[in-house]
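Visitor: Before we start, here is the structure in question, set down as structure tokens.
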Amino acid sequence: HIDVMDGMFVPSISFGMPVIASLRKHTDMFFDVHLMIEEPIRYVNALRQAGADGLTVHAEACADLPGTIAAIRESGAKPAVCLSPKTPLSKLDGILDQVDMVLIMGVEPGFGGQTLIWETLEKVKQLHKIRKEQGLFFKIEIDGGVTKENARAVAACGVDIVVAGTAVFRGDIEENIHVLQEEINTEGQNAS
Numbered sequence: 028h029i030d031v032m033d034g035m036f037v038p039s040i041s042f043g044m045p046v047i048a049s050l051r052k053h054t055d056m057f058f059d060v061h062l063m064i065e066e067p068i069r070y071v072n073a074l075r076q077a078g079a080d081g082l083t084v085h086a087e088a089c090a091d092l093p094g095t096i097a098a099i100r101e102s103g104a105k106p107a108v109c110l111s112p113k114t115p116l117s118k119l120d121g122i123l124d125q126v127d128m129v130l131i132m133g134v135e136p137g138f139g140g141q142t143l144i145w146e147t148l149e150k151v152k153q154l155h156k157i158r159k160e161q162g163l164f165f166k167i168e169i170d171g172g173v174t175k176e177n178a179r180a181v182a183a184c185g186v187d188i189v190v191a192g193t194a195v196f197r198g199d200i201e202e203n204i205h206v207l208q209e210e211i212n213t214e215g216q217n218a219s
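Per my numbering, the sequence shown starts with residue 28, numbered consecutively.
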């Protein structure tokens, strides 16, 4: 999971294509690139050429969300869409069958180390129910606020992928990963 921020959609600025291209030279791991940028359609092809395998765009940042998703798929990347905590699931109406993943932000996007907004877990549960009822196959990812103390509750909501930044990198990384995986998988969950 690689966060790209433009200082416009969110206040922070992070790296872009050159860093992704540099990282790509050292691994063939799947690069899930989370675009916290305005009008991400402008950068789809450049990001794909830099080595992005999946591109996650914020529904709130796209003037033409279906067109952006189509452009991502046409580039050869896997399209995903993200919702900020206050954005309703209805923003995804008509596109859930077009994406490979839906990312629900557990915090306001842009800064690490925030506390999980517990109401976002209800959104995850609703999305899980929609996926099942409609026979869809997109993955559900949550990003932000996940800690070893709440990882079990997060995993129990039906997520497939958990993104944990501060919970991994603050302290002993190896131990933190082990504890998070243990908590996530405790109740038979297979979230990664």
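Yeah, the Cβ is synthetic: ideal placement off N, Cα and C, and Gly gets one too.
Only a predicted model underlies this, so the values are computations on that prediction, with no experimental measurement involved.
1) With respect to the alpha helix (DSSP H) encompassing M44, which residues constitute its N-terminal and C-terminal limits?
2) Would you give the residue range spanned by the beta strand (DSSP E) that T83 belongs to?
3) Straight-line CA distance for I122 to R51?
4) Would you list, in sequence order, the uninterrupted alpha helix (DSSP H) runs of no fewer than 4 residues that lie entirely inside the segment 167-209?
5) For T174, tell me which candidate among S49, T95, G192, V84 has the shortest Cα-Cα distance.
6) Can you list, in chain order, the residues of its chain with a C-beta nearer than 6 angstroms to that of S39? Leave out the 5 residues immediately preceding and following it.
7) Would L110 pass as a contact of K118 if the rule is Cβ separation under 8 angstroms?
8) Less than 8 angstroms separating the beta-carbons of I29 and H61?
9) So, at 6 angstroms on beta carbons, what are the nonlocal neighbours of H85 in its own chain, with the 5 sequence-adjacent residues on each side left out?
10) If you check the beta carbons only, do F36 and I64 fall under 8 angstroms apart?
11) Would F165 be called buried (16 or more neighbouring beta carbons within 10 Å of its own) or exposed?
Guide: This is what the structure gives:
1) 44-51
2) 81-85
3) 30 angstroms
4) 178-182, 193-196
5) G192
6) M32, G137
7) yes
8) yes
9) C109
10) yes
11) buried
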